[in-house]
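Written out below as structure tokens is the structure these notes cover.
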Amino acid sequence: MLLVLTWLSTLEQPFKGLYEVQKRYYDAEAWYVVPDLPWLYLPDFSFLGGFAGKQIVIPLPGAYLVSAILFVNLCLGGIIRIRKGWKNIGVIISHFSMVSLLFAGFVAHKYSKEGIMFVMKDDVSDYAQSYYDYTIEVCEIIDGELTAPYVVPAEPLKKLGPADVQRVNLPKLPFNLDVSHWMRNSNVVKAPMGDDNPLVVDGLALQVAENATLEEENAAGCYIDILPNSADGRKVRLLLYGPAGGAVTATIDGKIYGFTLVREIWPMPFRVRLNESVGEYYPGTSKPSFFMSEITRLADNGEKKFTIKMNEPMRYGGYTLYQARWSGETERPQSGFAIVKNPSDQWPKYSLYISMLGLFIHFGMKLFGYMTSSSNKNRKSASKAA
Amino acid sequence: MILLVLTTFIVSCGEDPEAIEVTDTRVLTMWDTGGDSLVVPMPMEWRKVPSTQQRVFNYRFGEGKRSGEVYISRARGGVLPNANRWLKQFDQSELASVDELPTVKLLDMDGVVVFASGRFAGAMGKSAQDDAAVLGVIAGNADSLITVKMIGPADLVTAERGRLLKFCENIRLRKTHDDGSVSSESGE
Chain G
87 MLLVLTWLST
97 LEQPFKGLYE
107 VQKRYYDAEA
117 WYVVPDLPWL
127 YLPDFSFLGG
137 FAGKQIVIPL
147 PGAYLVSAIL
157 FVNLCLGGII
167 RIRKGWKNIG
177 VIISHFSMVS
187 LLFAGFVAHK
197 YSKEGIMFVM
207 KDDVSDYAQS
217 YYDYTIEVCE
227 IIDGELTAPY
237 VVPAEPLKKL
247 GPADVQRVNL
257 PKLPFNLDVS
267 HWMRNSNVVK
277 APMGDDNPLV
287 VDGLALQVAE
297 NATLEEENAA
307 GCYIDILPNS
317 ADGRKVRLLL
327 YGPAGGAVTA
337 TIDGKIYGFT
347 LVREIWPMPF
357 RVRLNESVGE
367 YYPGTSKPSF
377 FMSEITRLAD
387 NGEKKFTIKM
397 NEPMRYGGYT
407 LYQARWSGET
417 ERPQSGFAIV
427 KNPSDQWPKY
437 SLYISMLGLF
447 IHFGMKLFGY
457 MTSSSNKNRK
467 SASKAA
Chain E
586 MILLVLTTFI
596 VSCGEDPEAI
606 EVTDTRVLTM
616 WDTGGDSLVV
626 PMPMEWRKVP
636 STQQRVFNYR
646 FGEGKRSGEV
656 YISRARGGVL
666 PNANRWLKQF
676 DQSELASVDE
686 LPTVKLLDMD
696 GVVVFASGRF
706 AGAMGKSAQD
716 DAAVLGVIAG
726 NADSLITVKM
736 IGPADLVTAE
746 RGRLLKFCEN
756 IRLRKTHDDG
766 SVSSESGE
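One line per chain: the protein sequences are G and E, in this order. Residue 87 is where the first sequence starts when you use our numbering, and the numbers rise one by one after that. Residue 586 is where the second sequence starts when you use our numbering, and the numbers rise one by one after that.
Structure representation (structure tokens):
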């Protein structure tokens, strides 16, 4: 079943995009999935009547559910109930390695975090951003400078439908927020100033747009209503648009507050200076074939130089930096580093070593047993003949 | 029992999600300080609105049709041609020189103050407007200019004059050090 799900999701990816397919096939909430591929639709023939052009619905269990069942099955059958003994020790070890591999997958699914850090040559960066997830950040602005922002997390926001209103309580600030009209992909359009439409804010309005196949191309948008705690405070509506960049502001109780809709910002415990960034494109294309970055990692315990290439990441403090993107068209090339924090990063590798050990023991014992019994048979035959 | 479960399910559909509480902040990063080289303290009476490609910092004051806008842009072409372009939008005659215009400090430069009022002919997507005014400051040289432009109903623009000039004086540069840390310099 896992093989079928992997095959179908791979076929669906060019049409739906990686993000959408991962959500439908592999998310913990995806108990079942109905594959949606062009060849799963009936042809548009008139003799099919009402069924012409309709989708053939084949509900399948989701990959997370199947993996969970496999995990339980392996634990019960492959480790707990299996007959214990020296003859089975290799099989038990191999089963244990598969259980640990599945557990590593669960830990990665639940606890890993991924983002991307872009740095231009000779620049320094100390943060990564989520590929897809938007957050709302709220901070006071003092003398033109942002202060540490309160962050409304991405999880509840991305579940919002167009008609939902999410209340956000901010007990340390003199107001709360209502987030409404969440759009996964949107455009900003101009509207007449003074338009009474509640969705027109300072001559601008949000318009829902069709979701892009590549989730990174989606530009989220929403409205927020600022609800002051003071009795004479007036509700203020703001329009937030992801690509706009920079905060929009409102003055509440004599202080200026900034509100930003931004792909989740992930502070790093170190800084990265890009010293050199080189790459090559496939001939006649703009697709990089090779890229490499020389960086200096700046942390509290000092500086250290590294070279990061494709498939040769840098590991530090539980973080892994991979060379993911490269752009060299301008004078100052830019590197994009995929940053992953995964507690079970190396567990699959160790699981494979354990599996290798188990299989080696099992097949070694089988081979030894065969050679021993063959030798005994030959000896018996020889003595009989004698 | 089944009815109760079904009822609960139906009733809970369509309800707004539960309220969430946010009490933690995140640490500041270079995303917060590295976006632009300018540090721009704004008046409390204005509000910052979404930026655009041409308008790095974009503000509004007033409400609805009785509102105006202020924006900071980077431009080229010299102080005099840009001043005359603004005057032309109000059907005012061009200046031969900006030497007679008042000045205000903007990023350690003497920025010329340009004012015109009357019928705004419309420009950059804005429609024509009667009884309007423009008040702005232009500073720099032919290759690199910074402009601060306020446009709106004439009476509102006149009332905001002091605030705008103070706004210009308070703009300062952000300095980035070799290790990536930043500090801001006074404009003076």
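In this text, a Cβ means the ideal position worked out from N, Cα and C, and glycines have one as well.
A contact is defined here as three or more CB-CB pairs under 8 Å, and the stretch 321-333 of chain G fails this definition with respect to the stretch 170-187 of chain G. For Val238/G, the nearest beta carbon of chain E is closer than 7 Å to its own beta carbon.
Counting C-beta pairs closer than 8 Å gives fewer than three between the stretch 195-203 of chain G and the stretch 457-468 of chain G, which falls short of the contact rule. When 7 Å is used as the limit between beta carbons, Gly191/G is near no residue of chain E, the shortest such separation being about 29 Å. Exposed is the label assigned to Gly403/G, since fewer than 16 other Cβ atoms lie within 10 Å of its Cβ. For Ala330/G, the chain E residues whose Cβ falls inside 8 Å of its Cβ are Pro635, Ser636, in order along the chain. The contact set of Thr335/G on chain E, defined by CB atoms closer than 9 Å, consists of Met627, Trp631, Arg632, Lys633, Val634, Tyr644 in chain order. Pairing Ile381/G with Val358/G gives a Cβ-Cβ distance under 7 Å. For Glu366/G, the secondary structure class from DSSP, reduced to helix, strand or coil, is strand.
Taking the C-beta atoms as reference points, Pro100/G is found no nearer than 7 Å to Tyr118/G. Proximity to Leu243/G across Ser153/G, Tyr343/G, Pro314/G, Glu350/G peaks at Glu350/G, based on C-alpha coordinates.
Leu290/G and Met279/G have their alpha carbons spaced roughly 8 Å apart. Looking at the DSSP output, Asn643/E sits in a beta bridge with Tyr656/E. With a beta-carbon spacing of about 19 Å, Ala330/G and Ser652/E fall beyond the 8 Å limit used to define contacts. Neighbours of Ser652/E in chain G, taken as residues at a C-beta separation under 7 Å, are given in chain order as Met279. Trp671/E is outside the set of residues whose beta carbon lies under 7 Å from a beta carbon in chain G.
Here Met206/G really is in contact with Gln420/G; their C-beta atoms are around 5 Å apart, less than 8 Å. Residues of chain E whose Cβ lies closer than 8 Å to the Cβ of Asn255/G are, in chain order, Ala604, Ile605, Glu606, Val607. For Phe204/G, the enclosing beta strand (DSSP E) covers residues 199-206. In its chain, beyond the 5 residues on either side, Ile731 have a beta carbon closer than 6 Å to the beta carbon of Gly725/E. Within the stretch 613-626 of chain E, the residues whose Cβ lies closer than 9 Å to any Cβ of chain G are, in chain order, Leu613, Thr614, Met615, Trp616, Asp617, Thr618, Gly619, Gly620, Asp621, Leu623, Val624, Val625, Pro626.
Contact check between the stretch 231-240 of chain G and the stretch 434-446 of chain G: fewer than three CB pairs, one atom from each, fall below 8 Å, which does not count as touching. Looking only at Gly319/G, Met354/G, Trp352/G, Thr346/G, the smallest Cα-Cα distance to Thr337/G is reached by Gly319/G. As the crow flies, the alpha-carbon of Val265/G is around 44 Å from that of Val664/E. At a cut-off of 7 Å, the C-beta of Gln293/G has no neighbouring C-beta in chain E. Residue nearest to Leu151/G within the set Leu134/G, Phe137/G, Gly191/G is Gly191/G (criterion: CA-CA distance).
With the rule of 3 Cβ pairs closer than 8 Å, the stretch 216-226 of chain G counts as touching the stretch 295-313 of chain G. Excluding the 5 residues flanking it on each side, Val364/G has same chain C-beta neighbours closer than 6 Å at Met378, in chain order. Straight across, the Cα-Cα distance linking Asp339/G with Phe261/G is about 10 Å.
In the DSSP assignment, the residues bridged to Gly388/G are Ala385/G. Taking a beta-carbon distance threshold of 7 Å, Asp212/G counts as an interface residue toward chain E.
Only those residues of the stretch 150-171 of chain G whose C-beta falls short of 8 Å from the nearest C-beta of chain E would be listed, and there are none. DSSP, read as helix, strand or coil, puts Ile228/G in strand. The Cβ neighbour count for Asp229/G, taken over all protein chains shown within 10 Å, is under 16; the residue is labelled exposed. Any Cβ of chain E closer than 7 Å to the Cβ of Val251/G would place that residue at the interface, and such an atom is present. Asp716/E is positioned such that its CB atom lies closer than 7 Å to that of Ala739/E.
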